[in-house]
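**Student:** Note that my numbering has the sequence shown beginning at 16, numbered continuously upward. Positions of the beta carbon are idealized from the N, C-alpha and C atoms, including for glycine.
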Amino acid sequence: MLRILVLHGPNLNLLGHREKSIYGTVTLDTINASLITLSGELEAELVIRQSNLEGELVNWIQEAQRGYHGIIINPAAYTHTSIAIRDALAAVDLPTIEVHLSNIYRREEFRRHSYVSGVALAQIAGFGATGYLLALRGLCEQISAAGSKGFSGGSTR
Ligand code: CA2
16 MLRILVLHGP
26 NLNLLGHREK
36 SIYGTVTLDT
46 INASLITLSG
56 ELEAELVIRQ
66 SNLEGELVNW
76 IQEAQRGYHG
86 IIINPAAYTH
96 TSIAIRDALA
106 AVDLPTIEVH
116 LSNIYRREEF
126 RRHSYVSGVA
136 LAQIAGFGAT
146 GYLLALRGLC
156 EQISAAGSKG
166 FSGGSTR
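Encoded structure:
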């Protein structure tokens, strides 16, 4: 059974309640419920967490070293600011999928740079809540396919 850590960054707890024109009407609880449903089909076990605190996200990433096969993370605004989250992901060296609800490359200039993408296996942006489901499918497939071969991914760690 694959164990996957799903991390949601700051303000994502407000999804579906504020700024609906940008992020839509779906709530984080709904996204998490659809991930849990899909995990049953994929025979994966998920632990899902949200925090508004950078250090808490870093601690959870470090803890994933023990007992997890991969990480799905929407670092939210920390995408564009956090070398600490990038360094933690590089340190644990687990296959990681970066998810964004919006297409960050069609928005303000400051959202076009991600500190995380260079240490991620893949990035999914612009599919809304569906992006998390694509990430879970893709991650499970990649982990299973990699088997004992491990991941290289050509990252710039
Ligand atoms: O598109 C994404 O998923 C983002 O990671 C969302 C972040 C943003 O800073 C990134 O540039 C792109 C913002 C998450 C905040 O979500 C809110 C939801 C409802 C109301 C207010 C904020």
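Does the ligand CA2 have even one heavy atom less than 7 Å from the beta-carbon of Asn47?
**Tutor:** As a position in the sequence shown, residue 47 is number 32, starting the count at 1. Incorrect: Asn47 has no Cβ contact closer than 7 Å to the ligand CA2.
**Student:** Using the C-alpha atoms, what's the distance from Thr45 back to Lys35?
**Tutor:** Here the question's residue 35 lines up with position 20 in the sequence shown. Here the question's residue 45 lines up with position 30 in the sequence shown. Cα to Cα, Lys35 sits roughly 15 Å from Thr45.
**Student:** CB-CB under 8 Å to Ile158, same chain, minus the five flanking residues each way: which ones, in chain order?
**Tutor:** Here residue 158 refers to the residue found at position 143 of the sequence shown. Contacts found: Leu17, His84, Gly85, Pro110.
**Student:** With a threshold of 7 Å on Cβ separation, who are the neighbours of Ala91 within its own chain once the five nearest residues in sequence on each side are excluded?
**Tutor:** Walking along the sequence shown from the start, residue 91 turns up at place 76. Once the five neighbours on either side are set aside, the close Cβ partners of Ala91 are Gly24, Pro25, Asn26, Leu27.
**Student:** With Glu78 as the anchor, note down where its alpha helix (DSSP H) starts and where it stops.
**Tutor:** Start at 1 with the first residue of the sequence shown, and residue 78 comes out as number 63. 69-78 is the span of the alpha helix (DSSP H), which, as asked, contains Glu78.
**Student:** Drop a sphere of 10 angstroms on the beta-carbon of Glu78, count the other beta-carbons inside from all chains shown, and report buried for 16 or more, exposed for fewer.
**Tutor:** Here residue 78 refers to the residue found at position 63 of the sequence shown. By the neighbour-count criterion, in which 16 or more other beta carbons inside 10 Å mark a residue as buried, Glu78 falls on the exposed side.
**Student:** What would DSSP say about Gly146, mapped onto helix, strand or coil?
**Tutor:** In the sequence shown, the residue the question calls residue 146 occupies position 131. In this structure, Gly146 counts as helix in the three-state DSSP scheme.
**Student:** Would you report the Cα separation of Ala48 and Ile98, rounded to the nearest angstrom?
**Tutor:** For the purposes of this step, residue 48 is taken as the residue at position 33 of the sequence shown. For the purposes of this step, residue 98 is taken as the residue at position 83 of the sequence shown. Roughly 30 Å separates the two Cα atoms.
**Student:** With 16 as the cutoff for other CB atoms within 10 Å, does Ala160 come out buried or exposed?
**Tutor:** Counted from its first residue, the sequence shown places residue 160 at position 145. Exposed, because fewer than 16 other Cβ atoms sit within 10 Å of the Cβ of Ala160.
**Student:** Looking at the structure shown, is Asn179 part of a helix, part of a strand, or coil, going by DSSP?
**Tutor:** This structure cannot speak to residue 179, because the chain is shown only from 16 to 172.
**Student:** Going along the chain, which unbroken runs of the beta strand (DSSP E) with 3 or more residues stay wholly within the stretch 34-119?
**Tutor:** 59-65, 85-89, 111-115
**Student:** Please name the residue in Glu156, Leu151, Gly31 whose C-alpha comes closest to that of Leu53.
**Tutor:** Your numbering for residue 53 matches position 38 in the sequence shown. Per the Cα distances, Leu151.
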